[in-house]
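Here the structure comes first, spelled out in structure tokens, and everything after it is commentary.
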Amino acid sequence: MFSQNHSSANQNKGMDTVQMLQGHFKLSDSYIVVGAPIFILFEYRNTSQEAVLFSIGHGLSDGFRCTSEDAGFSIVRRGSDLGGLAPEIHLLSGQSGSQTILLNTYLQPHQAGSYIVDCKVDFDVSGEKSGSTQHVHFADSIKLDVHDDPAYASKVMAELRKDIRGANPAQGREAVSIVATLGTSEAQTVLIEALTAKELTVVEAAIDCVAQLESSEAELALAKFIETTTVRSLKKRAKEVLGRMQQQ
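Going by the numbering used here, the first residue of the sequence shown is number 74, and it counts up by one from there.
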């Protein structure tokens with residue numbers, strides 16, 4: 074794995090430039106399969122003598138960026154922002170932390186093989202007491218050995234389906250979001266099934282994800298949902314989404 078860590082500091086109060094934060098990307102799991110989620114970890118550590126504050130955003134300029142020039146990947150279309158506010162991270166001197174990245178949000182492997190993925194992130198780090206600020210840049214090239222294992226992919230999908238059908242709303246919403254990035258026919262089926270989940274917030278997430286499928290099956294599923302649901306807020310949401318799909 075090839076790694077680059079850079080920082081540029083705003084040297085307030087005549088302080089010397091000190092690397093406030095170290096960081097690197099690595100694979101979360103060693104067994105990577107076509108049609109299953111791929112997780113990458115961004116691990117960081119406060120190397121300064123004081124507590125630091127920073128946020129990793131969701132946009133193309135202040136968030137994670139994962140790219141590859143290998144033909145075995147499809148680039149996932151995404152807007153300039155994935156949405157949501159970036160939480161502020163408070164890290165004591167010497168303390169470590171990590172964030173999990175779903176690679177399928179950026180790249181989708183469509184065939185087995187060995188590939189190189191370039192992961193990057195840029196953000197500002199501030200010293201809690203000194204007020205000094207650094208702009209940091211972290212980049213790593215990660216090798217992925219992707220396997221064609223339909224049985225394993227189906228097993229993973231079964232676990233995600235279980236979470237969607239379960240009683241934990243947060244787990245269900247996360248599973249819906251993961252399935253929505255996989256781009257397989259089985260994933261489309263699971264997303265449509267999620268419209269009948271027990272938890273209303275999971276169904277709401279499923280409505281938005283089904284809208285991204287841009288298929289006749291998705292339109293039919295939303296139309297059927299509108300006819301059968303008795304929850305007014307979900308019916309309204311589905312009508313709005315279906316209306317936008319039909320205008321495209």
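Built from N, CA and C at the ideal position, the CB exists for glycine as well.
- Take Lys312, set aside five residues on each side of it, and the residues of its chain with a beta-carbon closer than 8 Å to its own are Ile299, in chain order.
- DSSP places Tyr225 inside the alpha helix (DSSP H), whose first and last residues are 223-238.
- Where Pro182 is concerned, the enclosing beta strand (DSSP E) starts and stops at 180-182.
- Phe112 places its beta carbon less than 7 Å from that of Thr173.
- Per DSSP, Val198 is one residue of the beta strand (DSSP E) stretching across 186-200.
- Following the DSSP letters along the chain, one finds Thr303 in no alpha helix (DSSP H), marked with neither H nor E.
- In this structure, Val229 is the residue among Arg138, Glu272, Val229 with its C-alpha nearest to the C-alpha of Val252.
- For Ser121 and Val304, the gap between their C-alpha atoms comes out near 52 Å.
- For Glu287, there is no enclosing beta strand (DSSP E), as DSSP gives it neither H nor E.
- Between the C-alpha atoms of Thr257 and Asp281 there is a straight-line separation of about 17 Å.
- Ranked by Cα distance from Ser250, the options Ala226, Ala240, Val275, His220 are led by Val275.
- A direct Cα-to-Cα measurement between Val219 and Gly145 gives close to 9 Å.
- Partner residues in the beta bridge of Ile174, as assigned by DSSP, are Ile113.
- Here DSSP, grouped into helix, strand and coil, assigns Phe146 to strand.
- Rounded to whole angstroms, the gap between the alpha carbons of Gly245 and Ser141 is 30 Å.
- DSSP places Ser169 in the strand class (E or B) of the three-state scheme.
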